[in-house]
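Colleague: Before we start, here is the structure in question, set down as structure tokens.
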Amino acid sequence: MMLRVERAEHGAWTVLRVFGELDLVSSPVVRRRVHDVVADGRHDVVLDLSGVRFCDSSGVGVLIAARRLLHSCRGRLRLILPARGAVEGSHVNRVLAALGVRRLFDVYPDVPGATGAADGAAREPAEDVVNGVVAPRTASA
């Protein structure tokens, strides 16, 4: 399955909706799209991964690199991962949790939640899935 990335602007936020498989072959596309957003002077990015059916370590590497890039220019990265029980896209949540990097990301259930939440405002608690077990994510300082 080919990877598709759609871009939309929501106020200060740029939303990149990703569909397909995020792997060694396709991850450079996402990396390039994030770099394009930053080159356009936009530093607050939401990656909507609810349409991603598969993610390998290359995909995780792109997510970590995007986080690093945006933080270096005082920007923010937020991920959209499906809520518990969702089938589409839940693979990304499991991969991030299994690799122990899920805690690095601000995760939201949908685009309105990610783009409308103010800094420091309470948000819907995210969950980690480890070995198929859902555990509430503890807030980090």
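Residue numbers are given in full-length UniProt numbering: position 14 of the sequence shown equals residue 14, and the series is strictly consecutive.
Built from N, CA and C at the ideal position, the CB exists for glycine as well.
On a predicted model such as this, the values are computed, not experimentally measured, just so you know.
Does the contact criterion of 3 or more C-beta pairs under 8 Å hold for the segment 88-102 versus the segment 41-54?
Modeller: Judged by Cβ distances under 8 Å, the segment 88-102 makes contact with the segment 41-54, as three or more pairs qualify.
Colleague: Quick check on the DSSP output: the beta strand (DSSP E) that includes Gly51 runs from which residue to which?
Modeller: Taking the sequence shown and counting its residues from 1, the one referred to as residue 51 is at position 51. Residues 44-55.
Colleague: From Val38, Arg103, Arg74, Glu9, pick the residue whose C-alpha is nearest to that of Val60; which is it?
Modeller: On the sequence shown, residue 60 is found 60 positions in, with the first residue counted as 1. The residue with the shortest Cα to Cα distance from Val60 is Arg103.
Colleague: Is it buried or exposed, Val25, if we count other Cβ atoms within 10 angstroms and call 16 or more buried?
Modeller: Translated into the one-based positions of the sequence shown, residue 25 becomes position 25. By the 10 Å Cβ count, Val25 comes out exposed.
Colleague: So what does Gly20 bridge to, in DSSP terms?
Modeller: The residue you call residue 20 lines up with position 20 of the sequence shown. Answer is Val52.
Colleague: Leaving out five residues before and five after Glu124 in sequence, what residues of the same chain have Cβ atoms less than 8 Å from its Cβ?
Modeller: On the sequence shown, position 124 is the one that residue 124 refers to. Confidence at Glu124 is low in this model, with a pLDDT of 41, below 50, so its placement is unreliable and no value can be given for it.
Colleague: How close, in whole Å, do the beta carbons of Val37 and Leu3 come, if the pair is a contact with beta carbons under 8 Å?
Modeller: In the sequence shown, residue 37 corresponds to position 37, counting from 1. In the sequence shown, residue 3 corresponds to position 3, counting from 1. Not quite, the Cβ-Cβ distance comes to about 16 Å (not below 8 Å), so this is no contact.
Colleague: Near Val5, what residues of its chain come up, given a Cβ to Cβ distance below 8 Å and the 5 sequence neighbours on each side ignored?
Modeller: Residue 5 sits at position 5 when you count from the first residue of the sequence shown. Cβ within range, chain order: Leu16, Arg17, Val18, Phe19, Val29, Val30, Arg33.
Colleague: Opposite Ala8 in the DSSP bridges: which residues?
Modeller: As a first step, residue 8 must be located in the sequence shown, where it is residue number 8. Partner(s): Val15.
Colleague: I need the straight-line Cα distance from Gly75 to Ser27, nearest angstrom please.
Modeller: Reading the sequence shown from its first residue, position 75 is the one you call residue 75. Reading the sequence shown from its first residue, position 27 is the one you call residue 27. Their Cα atoms are separated by approximately 21 Å.
Colleague: What separation, rounded to the nearest whole angstrom, lies between the Cα atoms of Asp106 and Leu63?
Modeller: Here residue 106 refers to the residue found at position 106 of the sequence shown. Here residue 63 refers to the residue found at position 63 of the sequence shown. Looking at the two C-alpha atoms, the distance is approximately 12 Å.
Colleague: Please state whether DSSP places Asp106 in a helix, a strand or coil.
Modeller: On the sequence shown, position 106 is the one that residue 106 refers to. Three-state DSSP puts Asp106 in a strand.
Colleague: CA-CA distance, Arg42 and Ala12?
Modeller: Residue numbering aside, residue 42 sits at position 42 when the sequence shown is read from its first letter. Residue numbering aside, residue 12 sits at position 12 when the sequence shown is read from its first letter. In a straight line, the C-alpha of Arg42 is about 8 Å away from that of Ala12.
Colleague: For Thr14, collect the residues of the same chain with a Cβ closer than 6 Å to its Cβ; drop the 5 residues on either side in sequence, then sort them by chain order.
Modeller: Mapped onto the sequence shown, residue 14 falls at position 14. Same-chain partners within the cutoff: Val37, Arg42, Val45.
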